[in-house]
Structures are given as C-alpha cells and as structure tokens.
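Adding 1 to a residue's 1-based position in the sequence shown gives its number in our numbering. We put the beta carbon where it would ideally sit given N, CA and C, even for glycine. Please read these numbers as outputs of a predicted model, since none were measured by experiment. Okay, so here's the structure we're looking at.
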Amino acid sequence: MSGAFRRITPFLWFDTQAEEAATFYTSIFPNSRIVATTHYSKEAAEASGRALGSVMTVAFELDGEPITALNGGPIFTFNEALSLVVHCEDQAAIDHYWEKLSAGGDPKAQACGWLKDRYGLSWQICPVDIEQLVQNPGSVAALMHMTKIDIAAMKAAATSA
Numbered sequence: 002m003s004g005a006f007r008r009i010t011p012f013l014w015f016d017t018q019a020e021e022a023a024t025f026y027t028s029i030f031p032n033s034r035i036v037a038t039t040h041y042s043k044e045a046a047e048a049s050g051r052a053l054g055s056v057m058t059v060a061f062e063l064d065g066e067p068i069t070a071l072n073g074g075p076i077f078t079f080n081e082a083l084s085l086v087v088h089c090e091d092q093a094a095i096d097h098y099w100e101k102l103s104a105g106g107d108p109k110a111q112a113c114g115w116l117k118d119r120y121g122l123s124w125q126i127c128p129v130d131i132e133q134l135v136q137n138p139g140s141v142a143a144l145m146h147m148t149k150i151d152i153a154a155m156k157a158a159a160t161s162a
C-alpha cells in the first residue's frame, strides 16, 4: 500500500486498545507495519474526555492494506455487522490466522469460518475459492457444521452431494 492512494479505509473504534490492537494485528500478517500514531491534543482531549497526550489514532497496514484505529472510548463497540475477511491460499494459512486471531477471543462467536478476536472484532477466515465452494449445496451443508473452515471437508462434501 505504501505510497498508493486508497479511497476506502477501514476505521476501527476501540475504547483504549488501538495501539495494542494494531501491534497485535501487525504481528500476525506479513507485509504489515505501524505507519503513524497521533496523540490527543489539548483541544481534542477536552472535547472527548480523553487524557492529554494519550494515543488517539494508529494508522497501520495489514499485508499492505491500510487501516486506522481510534481510541474513542467505550461509547461504541464492535459487532458482527462488520467483519474483516482474510482470504487464505491453503489450509495451513487458515489454521495460522484462525489460531492467532481467535486467541483470547470469544469461542461462542466461532461459526462457519467467523471468529471474534480478543478486542471483539469479527473476522472471516476463508479459502480464496469460498465463493465457488458455497455454490454447492453439499459444501454449504458441511460449512454449517464447522467453526474453523476445513477446505478438504468442504470439497469432499461438494463431490458427494
């Protein structure tokens, strides 16, 4: 992403964990980094009730994709209406991202390749050909019983349907 203009960038509202979350996420994905951090100025701190000089935003890249995290306070929290999708080339990648992102998250929120991480953000960990796989009723039936996606099981269900 470096140097390229992006018209649409996810902007994630955290209570106080923006910097921690950005560091966590960038440790998981290749080609990732913290780009910039801003701090609450006197005016912004007074208007928001946040501490003067505390971290306000963290701009970061996940595998080159820009994201901004805000320490905005407890007013808003994440829900399943928004998720970030990770397209994986193979089962090893699904296993890797699932293990890392689900650590400390809500096990009850794991279904059909979806998970909630330790910050409450929803992720979908999917094979790159998920759109093709879900065209088959057999693979969809198999998917409905999965937490983490098993590519081989979905493909086997597709051929036996």
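Beta carbon of residue i nearer than 8 Å to that of residue j
| i | j | result |
| --- | --- | --- |
| T78 | V56 | no |
| T69 | T10 | yes |
| V36 | E62 | yes |
| C113 | V86 | no |
| W99 | L116 | yes |
| Q111 | T148 | yes |
Local Cβ density within 10 Å of residue i, reported as buried at 16 or more and exposed below that
| i | result |
| --- | --- |
| F12 | exposed |
| D151 | buried |
| P75 | exposed |
| M155 | buried |
| T27 | buried |
| F6 | exposed |
| L134 | buried |
Which residues DSSP lists as bridging residue i, in chain order
| i | result |
| --- | --- |
| V87 | I126 |
| K117 | S123 |
| P67 | E62 |
| A112 | W115 |
| L13 | A70 |
Review point. Where are the alpha helix (DSSP H) runs, 4 residues long or more, that stay fully inside the stretch 34–61, in chain order?
Key: 43–49
Check your understanding: Would you call the stretch 35–50 and the stretch 96–111 in contact, with 3 or more CB pairs under 8 Å?
Key -> no
Practice item. Say whether the stretch 16–33 touches the stretch 129–145, bearing in mind that this needs 3 or more beta-carbon pairs closer than 8 Å, one atom from each stretch. Key: no
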